[in-house]
Amino acid sequence: MALTARPSTLPTVVGGAAQGPGYTLTNDEAGRIRAPQLSITASATGTAANRAPDIVLRDLDLSATLTPNGTGVGRFSIEGLGNTIVQVEGAVRMAGAGIGNGISITSSGRIQIVTDTGSLRVLDAGGLAAGEISLSSANIWSARSDVLSQLAADPAFAGRDDALRNNGGAVNDRGFIEGGRVTLRAGNSIFVQNSGTNIAFSGITTRDLLSLVPTGMTPLDVYAFGRQINPDGNYLINAGYFLRAALDQQGAGFASDAQLNLCLLATGACAGVFNNDGFSVAQDEIIGPVLRSATPRSVGDFPLIDVRWWDCDPKEEAPCQPAGPGSDW
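Heads up: the sequence shown at position 240 corresponds to 239 in numbering that gives the first Met the number 0, and the numbers run straight through without jumps.
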């Protein structure tokens, strides 16, 4: 099923309980739709850089399987025409998802998730990450409202990285973008605020693969955090998660200081915590042995580092040292 909102100066609203101000598909109305795919297309409401969002997603409960009290929508997509701003300010969730199910949002301007109240999740019947989330835009931002306001005024504002690294609210281990696979295609920037702690990052949660894809004419600026949730509910975090990410080299590639979990996408060097749950904490920058190639092009160029044998004390400033078998150093 394809729905197209007529061009208007008022924003298109999807989800929630209230009508308006522009074309609206409420959560209850969406709950009566049964279709393999539900796609909604809307246009920009204006051209001013500081305008309100053109498309607003509020609380929306979808089901990938047909149920008496829920939708039967296998794929849900939002497409913004023109230089649109899409804002996720409610909890958007697809439950009962499997392979082939998912949520996709495309906007040439900006996609922003206001994590004070907003999230995107595709989950299976057991509540674990499943299906796929695909976001495509010039800019993809997921952060608290105060950080988003600063990014909108100046994407390179002083203290930006500190603001994104520091969780401004309660710890949320599963972050605010969650799916079996998450693919982020962006031309200018990807900024995802840490929703975990300073030693166990979160923000994006995948069960399988995170893919970062540059699509612009200039190197992609990335400062983001995430983790993997395993079938048993445990996590792969920090540098371990970075090593599993798929870093696409199309377009102009990544900026020299682009980072995922404090690991540089261009070189693979990681600073800060290197641990996984139950492992020691490595405080020093680890370079050299991380890389197989001076010009890595995929995560296959980065060998996994077994930190279980490191002699590390998070309270000490001395470098971590290999202290047992399993180390190549």
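The beta-carbon is built from N, C-alpha and C at its ideal position, and this holds for glycine as well. All of these numbers come straight from a predicted model, not from anything done at the bench.
Under DSSP, Thr-40 forms a beta bridge with Thr-3 and Glu-78.
Here Leu-9 carries a coil assignment [DSSP, helix/strand/coil].
Fewer than three pairs of CB atoms, one per stretch, sit closer than 8 Å, so the region 98–114 makes no contact with the region 156–163. Looking at the backbone, the Cα of Gly-15 and that of Asn-26 are separated by about 5 Å. Annotated three-state conformation of Asn-229 is coil, per DSSP.
Secondary structure within the region 118–153: the alpha helix (DSSP H) runs of 4 or more consecutive residues, fully enclosed, are 144–152 (chain order). Within the same chain, Cβ atoms closer than 8 Å to the Cβ of Gly-19 are found at Leu-9 and Val-12, the five residues on either side in sequence being excluded.
Between Gly-168 and Ala-124, the beta carbon gap of about 29 Å keeps them out of contact (Cβ cut-off 8 Å).
Under the three-state reduction of DSSP output, Glu-28 falls in the helix class.
No residue range can be given for Tyr-22, since it is assigned to no alpha helix (DSSP H) and is classified by DSSP as neither H nor E. In the DSSP assignment, Asp-161 falls within the unbroken alpha helix (DSSP H) covering 159–164. Around the CB of Ile-39, 16 or more other CB atoms lie within 10 Å, so the residue is classed as buried.
Asn-187: member of the beta strand (DSSP E) spanning 176–191, first to last residue. Cβ contact annotation for Gly-215 (same chain, cutoff 8 Å, sequence separation greater than five): Ala-137, Ala-185, Gly-186, Asn-187, Gly-250 and Ala-251, in chain order. Straight-line spacing of the CA atoms in Tyr-22 and Leu-119 works out to 21 Å. Between Ser-141 and Asp-172, the C-beta gap is not smaller than 7 Å, which leaves the two residues out of contact. Counting the other Cβ atoms within 10 Å of the Cβ of Phe-253 gives 16 or more, which makes it buried.
Counting along the chain, no alpha helix (DSSP H) covers Leu-209; the unbroken beta strand (DSSP E) around it starts and ends at 203–213. With contacts defined as CB atoms closer than 7 Å, Ala-41 and Ala-4 qualify as a contacting pair. Counting along the chain, Ala-238 sits inside the alpha helix (DSSP H) bounded by residues 237–243. A direct Cα-Cα distance of roughly 19 Å separates Val-72 from Val-87.
Checking the DSSP bridge columns, you'll see Gly-99 has no partner listed. Per the coordinates, the alpha-carbon of Ala-199 lies some 44 Å from the alpha-carbon of Ser-7.
Inclusion of Gly-89 and Asp-115 in the CB contact set at 7 Å is not warranted, their separation being larger than that value.
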